[in-house]
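Reading through the structure tokens given below for one structure.
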Ligand code: AMP
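In the working numbering, the protein residues as written are 167 to 279.
Here it is as structure tokens:
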């Protein structure tokens with residue numbers, strides 16, 4: 167996707183603070199962190215949201231969850247962490263490239279919506 171922000175980050179055309187990369191997955195720090203640790207985990211292949219990714223490639227969707235848990239551990243989030251994926255306008259998804267937010271590093275609010 168030529169004009170997708172996260173595709174450009176994956177290709178290195180826009181700078182990011184990378185925390186993890188493999189063949190299928192890229193992870194980088196959110197530019198506007200909502201917690202002491204705020205990492206975005208994205209598939210390298212462009213899917214607009216988790217609904218599209220899970221329908222087209224459920225193994226990849228599962229792999230992303232596995233990588234989220236591994237990254238949370240490597241970030242030292244031993245006391246817990248939260249995963250969020252905003253899917254569509256009612257969830258205020260602002261970047262249409264599937265991504266999972268990892269939030270942690272402090273006691274998070276119990277309000278999620
Ligand atoms: P969402 O609202 O769920 O679509 O999340 C998009 C996230 O991307 C937001 O938390 C933004 O702060 C983050 N973001 C936007 N641009 C960048 C960027 N250039 N580098 C890192 N994170 C970004």
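Don't be surprised by glycine CBs; every beta carbon is placed ideally from N, CA and C.
### Rounded C-alpha distance that separates residue 185 from residue 259
22 Å
### Query
So, is residue 233 buried or exposed, given that buried needs 16 or more other C-beta atoms within 10 angstroms?
buried
### Message
Assess contact between the region 233–247 and the region 266–274, defined as three or more Cβ pairs (one per stretch) separated by less than 8 Å. Is contact present?
### Response
yes
### Message
Cutting at 7 Å between CB atoms, please list the residues of its own chain near residue 216, excluding the five before and the five after it.
### Response
Within its own chain, the residues whose Cβ lies closer than 7 Å to the Cβ of residue 216, once the five positions on either side in sequence are excluded, are 227, 251, 253, 264, listed in chain order.
### Query
Which value, in whole angstroms, describes the spacing of the CA atoms of residue 194 and residue 256?
Cα to Cα, residue 194 sits roughly 25 Å from residue 256.
### Task
Could I get the ranges of all uninterrupted beta strand (DSSP E) runs contained in the region 186–238, with 3 residues as the minimum, in chain order?
191–195, 203–209
### Message
So, with DSSP's three-state summary, where would you put residue 171?
### Response
DSSP, read as helix, strand or coil, puts residue 171 in helix.
### Task
Check each residue's C-beta against every heavy atom of the ligand AMP and list, in chain order, those closer than 5 Å.
196, 197, 198, 252, 259, 260, 261
### Message
Let's see if you can read the secondary structure: which residues bound the beta strand (DSSP E) around residue 261?
### Response
That residue, residue 261, is in no beta strand (DSSP E); it is neither H nor E in DSSP.
### Task
Quick one: give me the first and last residue of the beta strand (DSSP E) that residue 249 is part of.
247–250
### Query
Beta-carbon separation of residue 207 and residue 175 under 7 Å?
no
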